[in-house]
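Have a look at the structure below, then the notes.
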Amino acid sequence: MNTELLLAVLAGIALLLVLILFVRLHAFLALLITSVTVGLLAGMNGAEIADTIQKGMASTLGFVATVVGLGAMFGSILEASGGAEAIAKSLISTNQTQRAPWTMMITGYIVSIPVFFDVGFIILIPLIYGLQRRSGKSILAFAIPLLAGLAVTHAFVPPTPGPVAVAGILGADLGTVILVGLLTGFPAAVVGGILWGKFISRRIFIAAPEIKDEENEMNVPPVWMFLMLIIIPLALIIANTIIERLVKSGVQNIDLLNKIFALIGHPFAALIIANLLAWYLLGIRRGMSREKLLEITTRSLTPVGMIILLIGAGGVFKQVLVDTGSGEMLARSMTSLGIPAFLFAFITAAIIRILQGSATVAMITSAGLTAPLLIGLGLREVQLASIVIAIASGATFMSHVNDSGFWLVKQYLGLTEKQTFHSWTVMTMLVGITGLIGAGLIYYLV
Numbered sequence: 001m002n003t004e005l006l007l008a009v010l011a012g013i014a015l016l017l018v019l020i021l022f023v024r025l026h027a028f029l030a031l032l033i034t035s036v037t038v039g040l041l042a043g044m045n046g047a048e049i050a051d052t053i054q055k056g057m058a059s060t061l062g063f064v065a066t067v068v069g070l071g072a073m074f075g076s077i078l079e080a081s082g083g084a085e086a087i088a089k090s091l092i093s094t095n096q097t098q099r100a101p102w103t104m105m106i107t108g109y110i111v112s113i114p115v116f117f118d119v120g121f122i123i124l125i126p127l128i129y130g131l132q133r134r135s136g137k138s139i140l141a142f143a144i145p146l147l148a149g150l151a152v153t154h155a156f157v158p159p160t161p162g163p164v165a166v167a168g169i170l171g172a173d174l175g176t177v178i179l180v181g182l183l184t185g186f187p188a189a190v191v192g193g194i195l196w197g198k199f200i201s202r203r204i205f206i207a208a209p210e211i212k213d214e215e216n217e218m219n220v221p222p223v224w225m226f227l228m229l230i231i232i233p234l235a236l237i238i239a240n241t242i243i244e245r246l247v248k249s250g251v252q253n254i255d256l257l258n259k260i261f262a263l264i265g266h267p268f269a270a271l272i273i274a275n276l277l278a279w280y281l282l283g284i285r286r287g288m289s290r291e292k293l294l295e296i297t298t299r300s301l302t303p304v305g306m307i308i309l310l311i312g313a314g315g316v317f318k319q320v321l322v323d324t325g326s327g328e329m330l331a332r333s334m335t336s337l338g339i340p341a342f343l344f345a346f347i348t349a350a351i352i353r354i355l356q357g358s359a360t361v362a363m364i365t366s367a368g369l370t371a372p373l374l375i376g377l378g379l380r381e382v383q384l385a386s387i388v389i390a391i392a393s394g395a396t397f398m399s400h401v402n403d404s405g406f407w408l409v410k411q412y413l414g415l416t417e418k419q420t421f422h423s424w425t426v427m428t429m430l431v432g433i434t435g436l437i438g439a440g441l442i443y444y445l446v
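Heads up: the sequence shown runs through residues 1 to 446, numbered per full-length UniProt numbering.
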């Protein structure tokens, strides 16, 4: 084992945490500084470090930036047209109140695929208030299932930035990641949302805040249209992945189908199609001006810019580990200790999440550390996708006071810090552990 390389990696991780936690430097700049530091400690010269930064940034963002940008624009149109509320109200109107926890979990599970977690929560919180007043149960009976559904698909299912970034850094197929994310995410949402929500709501009673309940009379499109628009890009990407597997396995007479879906089933094309359909069906067809649509989609790209830079910095960190040989050395160390790459991915993401709070930073940093370990292992696509979900599970694990989501939940639900720990924090732990178990079963058995 090369002790100098190991010390360089450990020093880099320590520096990253110090810069984020104590210096309060933005994670983008902190990751770049850490990458340069690890490179210098590992013996790289200035020119080599500059080339590595450029290579890491370019190789990561060539795919990820396009997907994240298109996904953000698509989500912004669905959000502005009232899609999240329409889905929730439709499900609630066709179910009895006792089924509302399942309804809210499924709503969160669907909504968070195109819409960011915090946006979805804020949009849907009035429905949670209404359900609490109507039923007389603790608000946690409905809020925890909703939060679990939102948290799971936000972390597990592309095109949200986290799983897209990890898939890009690890070189995992996006269609396979979607399939594995959906398969592992639903049980995680049930355990963390339905089961835990039922348990904790019987022990902590919280009434909805007294606010003026204003009905939203916005004329929203039918629910089936929103569901169709969400399903179309996912279905195209998954279909392309399945057809590619069939061709590789020797299935004949599907060459034309393969060529068609290689285009329309690529994430770029699938999301462009989804954007165009949303632009027309939710905008132009319903009287929304082109100027308004342009404003909505342009505004959606403002927060995405920083996320893309952060993802690129994570790619730089990964590239430094690869080019210096630190990643290969780390892989040998993990093997000698008997720690598989799958478990290493979860542990590193969970530790970074607990220490600095941001799930996105935890996912990107863990992916950068894990990617070099996978070189030469000959993993199948489903195994790579399972490692993506293992990282997502670790990054979801144990949200607490250094995570903005903790305070968002506390404030909107009217909880104390202790109650937020008992409800929200435990829920994220259950989601993370269940997601890891599901991903592990797929990794080793499929």
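A virtual CB, placed ideally from N, CA and C, is assigned to each residue, including glycine.
Just so it is clear, the structure is predicted and the values come from calculations on it, not from any experiment.
Where the alpha helix (DSSP H) through F406 begins and ends: S404 to L413
Within the region 112-166, ranges of the alpha helix (DSSP H) (whole runs, at least 4 residues): 117-135 and 140-156
Selection from F397, I375, I433 and S336 that minimises the alpha carbon distance to A362: F397
Supposed close pair A167, V388 - CB separation, criterion 8 Å: 5 Å
Beta-carbon contacts of V56 that lie in its chain and below 8 Å, excluding the five residues immediately before and after: A quick correction: the sequence has Gly, not Val, at residue 56. Closer than 8 Å at the Cβ level, and outside the excluded window around G56, lie S35, G312, G315, V316, F317, K318, Q319 and V320.
Limits of the alpha helix (DSSP H) - the one that A207 falls within: Element bounds for A207: n/a, residue is neither H nor E.
Inter-residue spacing [alpha-carbon to alpha-carbon] between L25 and A349: 20 Å
When L257, A141, L445 and I237 are compared against V177, the one with the closest alpha-carbon: I237
Three-pair Cβ contact test at 8 Å for the region 111-123 versus the region 58-70: no
Stretch pair the region 292-306 + the region 32-46: three plus CB contacts closer than 8 Å: no
Inter-residue spacing [alpha-carbon to alpha-carbon] between N402 and I20: 11 Å
Range covered by the alpha helix (DSSP H) that runs through L19: T3 to L21
Counted within 10 angstroms of its Cβ, other Cβ atoms place Y129 as buried (16 or more) or exposed: buried
Endpoints, alpha helix (DSSP H) assigned at V64: G46 to A80
Reference W224, options V23, I87, A155 and G376, closest by Cα: I87
Meets three-Cβ-pair contact criterion under 8 Å: the region 247-260 and the region 147-158: no
Reference A151, options A395, L415 and W407, closest by Cα: A395
Cut-off 6 Å between Cβ atoms - residues of its own chain near E214, not counting five sequence neighbours on either side: In this prediction, E214 scores a pLDDT of 45, lower than 50, which makes its location untrustworthy; no coordinate-derived value is stated.
Identity of the residue in A367, I354 and A262 nearest L310 by Cα: A367
Exposed unless 16 or more other CB atoms sit within 10 angstroms - verdict on G432: buried
Cβ-based burial, L271 [other Cβ within 10 Å; buried from 16]: buried
Which of helix, strand or coil DSSP assigns to L229: helix
Whole-angstrom distance between A262 and D255, CA atom to CA atom: 10 Å
Residue range of the alpha helix (DSSP H) that includes A429: The identity of residue 429 in the sequence shown is Met, whereas the question assumes Ala. Start and end: V426 to L445.
Residue range of the alpha helix (DSSP H) that includes A172: Counting along the chain, A172 falls outside any alpha helix (DSSP H), and DSSP gives it neither H nor E.
Cut-off 7 Å between Cβ atoms - residues of its own chain near L182, not counting five sequence neighbours on either side: V157
Buried or exposed (CB count within 10 angstroms, at least 16 for buried), S423: buried
Counted within 10 angstroms of its Cβ, other Cβ atoms place K137 as buried (16 or more) or exposed: buried
DSSP three-state assignment for N258, whether helix, strand or coil: helix
Touch test, the region 142-150 against the region 114-121, Cβ-Cβ under 8 Å, three pairs minimum: yes
Counted within 10 angstroms of its Cβ, other Cβ atoms place V409 as buried (16 or more) or exposed: buried
I204 to Q419 span [Cα, whole Å]: 8 Å
Contact under 9 Å by Cβ, S399 with G357: yes
Contact under 9 Å by Cβ, G265 with I243: yes
Given I123 as reference, the closest of T60, T107 and S59 once Cα atoms are compared: T107
Expected contact under 8 Å - CB spacing of I194 and P145 to nearest Å: 6 Å
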